[in-house]
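Residue numbers for the sequence shown follow the UniProt record's numbering, beginning at 1 and rising by one.
Note that CB positions come from ideal geometry on N, CA and C, so glycine has one too.
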Amino acid sequence: MYLQHFGLTETPFSLTPNTGFFFGLAPHVEALQVLQTALQTGEGFIKVTGEVGTGKTLICRKLMNELPERFHCAYLPNPYLTPEELRWAVALELGLKHSNKIDQQQLTSLIQQQLLALSAHGHSIILVLDEAQALPDESLEALRLFTNLETESRKLLQVVLFAQPELDERLAQNKFRQLRQRITFSYCLRALSHDESAAYIQHRLSVAGSANGRLFSEANAKRIAKAARGIPRLINVLSHKALLVSFGEGAQKVEKHHIGAAIDDTSDAYKQQYKPFWLVIMVLVAAMSVSAFYWYKGSLT
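#1: To test your reading of the DSSP string, which unbroken alpha helix (DSSP H) runs of 4 or more residues are found completely within the segment 55-82?
#2: Assign residue 387 to one of three DSSP states: helix, strand, or coil.
#3: Would you call Ser14 buried or exposed, if buried means 16 or more other Cβ atoms sit within 10 Å of its Cβ?
#4: Within the continuous beta strand (DSSP E) that includes Ile183, where are the two ends?
#5: Can you give me the C-alpha to C-alpha distance between Val237 and Gly53, rounded to a whole angstrom?
#6: Taking Cβ positions, are Leu244 and Val160 nearer each other than 9 Å?
#7: Please confirm whether Arg61 and Thr19 have their CB atoms less than 9 Å apart.
#8: With distance defined between alpha-carbon atoms, name the residue in Gln164, Phe185, Ser239 nearest to Lys253.
#9: Which residue comes first and which comes last in the alpha helix (DSSP H) that contains Ser197?
#10: Suppose you measure from the CA of Glu150 to the CA of Pro79; what does that come to, to the nearest Å?
#11: Just the C-alpha distance for Leu157 and Glu43, rounded to the nearest angstrom, thanks.
#12: How long is the line joining the alpha carbons of Asp168 and Phe247, rounded to whole angstroms?
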């Protein structure tokens, strides 16, 4: 690997969401602020959406790491579950030990009793679901019914959904109007700007121990930003590949052609489209013909 060659202590562009690399860029900080405000005010449903690779899982982990002690967090990273499986998973996350022989009504009652017990001890309970767009329709309805569990003064369970935009498309359907109306706070993660992307690259290199302040020049970092369309995961993929190509050549920093090779090797990267040479010639000929026509017409008057 290239770590020793570039003086790094760890891989700077791993695809694993690592909160140690969290960088306080505007969209991520804003999302966290929305989440923290909603949780502190006791809202029932909170939703964060974003395209693949925009940092939802990283924000999810950052949120859970920074929750005050009074919060008890139940986390479901893969919610492709039937309503029955969803209830069992929630029960397990709440620390319930139970027999598989009990029916769903009894299980729901046990969950409510556990929520009441935790609440009585001063805990606020949060159910966090990553990749929530994978929830089947019936499970979305079961999730809504969970938020019916409440005392006279507050909800017993708060639900945080992290999802791709497909969830918004589904929630727009009339059959989900009750659930949609319960989502009081939501945030949509945007892509990073070119300047934010360049700062993001330099930050990750710095955290990874880079003593070379400019393994990527600002211009080259912005080339990656453009090809990645500001998507952090794609920025990581392209930056990692560019470092590999640079290392393979024995270079001390990443050059433009290293980035070009990384872009060519990445199917999801935006590739600059150039018009064929013959098309450029045709446009020039057409422009010259129009100019000649008006010159000739003018000479006759």
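A quick look at the data gives this:
#1: List check, alpha helix (DSSP H) in window: 56-65.
#2: This structure gives no information on residue 387, because the portion of the chain shown stretches from 1 to 301.
#3: Result: exposed.
#4: First-last of the beta strand (DSSP E) with Ile183: 183-188.
#5: About 11 Å.
#6: Not a contact, by the Cβ cut-off of 9 Å.
#7: Result yes, Cβ atoms of Arg61 and Thr19 sit closer than 9 Å.
#8: Closest in C-alpha terms to Lys253, from the list Gln164, Phe185, Ser239, comes Ser239.
#9: Start and end: 194-207.
#10: Here the alpha carbon of Glu150 sits roughly 23 Å from the alpha carbon of Pro79.
#11: Our two residues, Leu157 and Glu43, have alpha carbons roughly 9 Å apart in a direct line.
#12: C-alpha separation (whole angstroms): 43 Å.
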